[in-house]
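Below: one structure, written as structure tokens.
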Amino acid sequence: MDTNTIGSIRCVVSAGKKIETATFAVPRYSAAHKRTALRIVTGHPTHGRGSGDLPDALHAELVSRGLAPVPTDVDTACTCSSRTDPCVHVTAATYAISLIVDQSPTTALAIRGLDLAEAAASTDFPARWMPIESVDAAAFYG
């Protein structure tokens with residue numbers, strides 16, 4: 001799988017001696033949706049930072065806000081001349097992509113344009129949180 005551009009996936013699939021290219025156009029989050037998704041992700045104490053995991057509660061909140069990590073409207077194309085839709089190459093590529101997303105669910109967010117490194121570095125914390133650096137240890141402990 002070659003995720004050469006955000007929102008676009010190109011998979012090279014070999015079937016026997018022929019090689020075909022299946023492409024997927026995944027809708028990216030709009031700027032407003034990206035901000036909302038980033039706020040949701042940073043609002044969860046365990047948002048898969050570094051692990052690639054996407055906790056069920058976080059996934060459910062994203063879906064409830066219309067920000068599903070895996071959208072239902074993905075455009076596909078293939079270089080083959082098959083008349084079936086989807087062709088075997090797109091089907092095989094879909095299976096390969098699903099294995100990758102299953103192993104690291106946050107990959108789906110990255111494909112849609114949400115940078116989890118940005119989420120980890122975000123200073124936009126929920127009101128009940130504060131960065132540890134902002135606590136004056138001498139004043140806190142007296």
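Residue numbers (the UniProt record's numbering): 1 to 142. A virtual CB, placed ideally from N, CA and C, is assigned to each residue, including glycine. A quick note: this is a predicted structure, and the numbers were derived from the prediction, not measured.
Applying the 10 Å Cβ sphere with the 16-neighbour rule, what's the burial state of tyrosine 141?
exposed
To the nearest angstrom, how far is the alpha carbon of alanine 32 from that of threonine 107?
20 Å
Determine the burial state of isoleucine 19: buried for a count of at least 16 other Cβ atoms within 10 Å of its Cβ, exposed for fewer.
exposed
Could you name the residues that DSSP lists as bridge partners for serine 14?
Ile19
Can you tell me whether asparagine 4 is buried or exposed? The criterion is at least 16 other CB atoms within 10 Å of its CB, across all chains shown.
Residue placement at asparagine 4 is poorly supported in this model, since its pLDDT is 47, which falls under 50; the coordinates are not used for a value here.
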